[in-house]
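The block underneath contains the structure these notes are about, expressed in C-alpha cells.
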Amino acid sequence: MIRPIITALFFFATLGISSVQAQTVTFKRFVSFKVVTGIDFYASNRQTIAPYEKPASEAIARLKSLFGTELPKGAIFICSTLEQKDSLYEPMILKKGYSWTLIATTPDVRIQENMARMKSQMGGAIPAEILARIKNRPPEMLAEAEKQSVTNVTQQIAYAVLQTMLDKDLKFRSSRLDDMGKSPLPDWLDIGIASYASGAPLNITYLQQHLDQTFPMEDVVAMSRPFVASSSDQNGSGGRGGMSGGQGGQQGGGMPQGMPQGMPQGMPQGGFNGRGMGNGNFGGGNFGGGGNFGGNGGSRNGGQRNLPKDEQDRMLFDGQASTLFAFLVEKAGIDKVRELVKQAVDGKESREFVTRDDVLGKDFSKIEENWSSWVKTLKAPPTQFSRGQF
344 MIRPIITALF FFATLGISSV QAQTVTFKRF VSFKVVTGID FYASNRQTIA
394 PYEKPASEAI ARLKSLFGTE LPKGAIFICS TLEQKDSLYE PMILKKGYSW
444 TLIATTPDVR IQENMARMKS QMGGAIPAEI LARIKNRPPE MLAEAEKQSV
494 TNVTQQIAYA VLQTMLDKDL KFRSSRLDDM GKSPLPDWLD IGIASYASGA
544 PLNITYLQQH LDQTFPMEDV VAMSRPFVAS SSDQNGSGGR GGMSGGQGGQ
594 QGGGMPQGMP QGMPQGMPQG GFNGRGMGNG NFGGGNFGGG GNFGGNGGSR
644 NGGQRNLPKD EQDRMLFDGQ ASTLFAFLVE KAGIDKVREL VKQAVDGKES
694 REFVTRDDVL GKDFSKIEEN WSSWVKTLKA PPTQFSRGQF
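Taken in order, the sequence shown gives residues 344 to 733; the numbers are from my numbering.
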C-alpha cells in the first residue's frame, strides 16, 4: 500500500517540476532573472540588471498600492550589445505569455548606436577629435546617464501596466507608450501615476523656473496632454536637431520606444571645447552648441536650450501633472488618491473629486496657490544627462 502512494507522490512531484520547466521562457543571447514580482528581467548577467531591481520593485509596490495586487506581468530586456537588441521582436515576446515588454540599453550600446549614425551622416568616418572625446567621457556622465535610464524604465513600467491593465484588448507596443490615448484615465493621471511609480516628479527645475507660465490647474485635470510634433526616424535618431539638443531634439521627437518625454534638469551649458560643430546630431544636438556636448547654442535659464512653444507646453503640463499627483498623495493621503484613481477608471471627472471638502477643498484658486508654494519647496534632482547623448 505504501509503495503505490510513494509512486503517486513521485508522479505528481515530477508533473509539477515538468510544469514549472514548461513555463520557463528563454531567449537566445539572454539570461532570465526573476528578481522582481511580476517582471521577468533578461540580460547578459546579473550585474547588468542590478541598478533596475530596487527601483522596479518599488514601482510595482506603488502601483499595487493604487490598483491592488493583480498586475499584468511583463518582461524587461536590458541589452548590452547591438546584437542582443537586434534579436528582439516584441510580438514574439508577447506570445510567450507576457502582457507587456520593455527594451532598454546600456550606455555602451547607446554610444554604439550614436556612432553608427555619425558614421552614416559623415560618410563612414568619424573625426579623431570626436572619437577621443567619446572614449574619454567622464565616469560621472556615464553613471548619471545610467541613473536616468533606470528612471525612464520605471516610468515606462507604469505606462505599460496602466495600458494593459485597463484595456484588456490592447495590442501592446512599447513604441506607443507615450500615447496617453491608450489609457482610459485622464492624461494628467497617466503622467502623475508614472511619476509616482518612479519616485521622480518630472521637470522640477523647469517648472520652478516657469511657475508664472503654467496652465490653470483646473484645466490640467481635464485637458489632453499637449501635442508635440515628432520628426524622428524609426530609430529615434532625429527630431529637429538631434536626440536631445538644438531645435527640438529630446522634446520634439527622437524618443526611443516611446519613453516619457522629459527635459534634463539643469543641463550644463558648454561642452568639450565650448563650440558647436554643425547641425543635427553634431550641432545643436548631441555634439553641438546647446546640446549634450556643445557649448554656445540654445541657452537660457542656467544653460537650458530654447524650446519651441509646443515643447514648453508639454514640459509644463508634465511637471504640473506629476507634482499635483505627489501633492495629493502628501496632503490627502494614499487612500484618497486610490479612490480618485478608481473613480477615474469608472469615468468620473477628476475635478469633482479633487475639490471635495475632504480632499483639497472647493476653491481651485486656493488649491493652485497652495500647490505652487509647495512646488517651490521641492528639491530639484542633481544635474541629469539626457538619453540622447549616449
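No residue lacks a Cβ here, since even glycine has one placed at the ideal position from N, Cα and C. Nothing here was measured: the structure is a model prediction, and the numbers come from that model.
Under the 8 Å Cβ criterion, the segment 672 to 686 does not count as touching the segment 542 to 554, having fewer than three qualifying pairs.
As computed with DSSP, tryptophan 443 is found in a beta bridge with Gly417. The beta-bridge partner set that DSSP reports for isoleucine 382 consists of Val379 and Gly417. Counting along the chain, the unbroken alpha helix (DSSP H) around methionine 458 starts and ends at 450 to 464.
For proline 394, the enclosing alpha helix (DSSP H) starts and ends at 389 to 410. Inter-segment contact for the segment 525 to 532 and the segment 449 to 469 is absent: fewer than three beta-carbon pairs are separated by less than 8 Å. Ranked by how close their Cα comes to the Cα of phenylalanine 570, the residues Tyr502, Leu721, Pro544 and Met658 have Met658 in first place. Distances from the alpha-carbon of serine 375 to those of Glu487, Phe420 and Asp653 put Phe420 closest. With respect to the 7 Å criterion, proline 415 and serine 387 are not classified as neighbours on the basis of their beta carbons. Asparagine 479 counts as exposed, since fewer than 16 other beta carbons sit within 10 angstroms of its beta carbon. Spanning the alpha carbons of glycine 542 and glycine 411 requires a straight line of approximately 19 Å. In this structure, phenylalanine 696 sits away from glutamate 561, with a CB-CB distance that is not shorter than 7 Å. The C-beta separation of alanine 540 from alanine 393 comes to about 20 Å, leaving the pair out of contact by the 8 Å criterion. Linking valine 688 to alanine 501 through their CA atoms gives a straight-line distance of about 15 Å. If you look at leucine 474, you'll find it in the alpha helix (DSSP H) that goes 471 to 478.
Judged by DSSP in its simplified three-state form, valine 672 adopts helix.
Judged by DSSP secondary structure, serine 538 falls within the alpha helix (DSSP H) whose first and last residues are 530 to 541. A Cβ-Cβ contact shorter than 7 Å links leucine 520 with glutamine 499.
Valine 368 carries a coil assignment under DSSP once its states are collapsed to helix, strand and coil.
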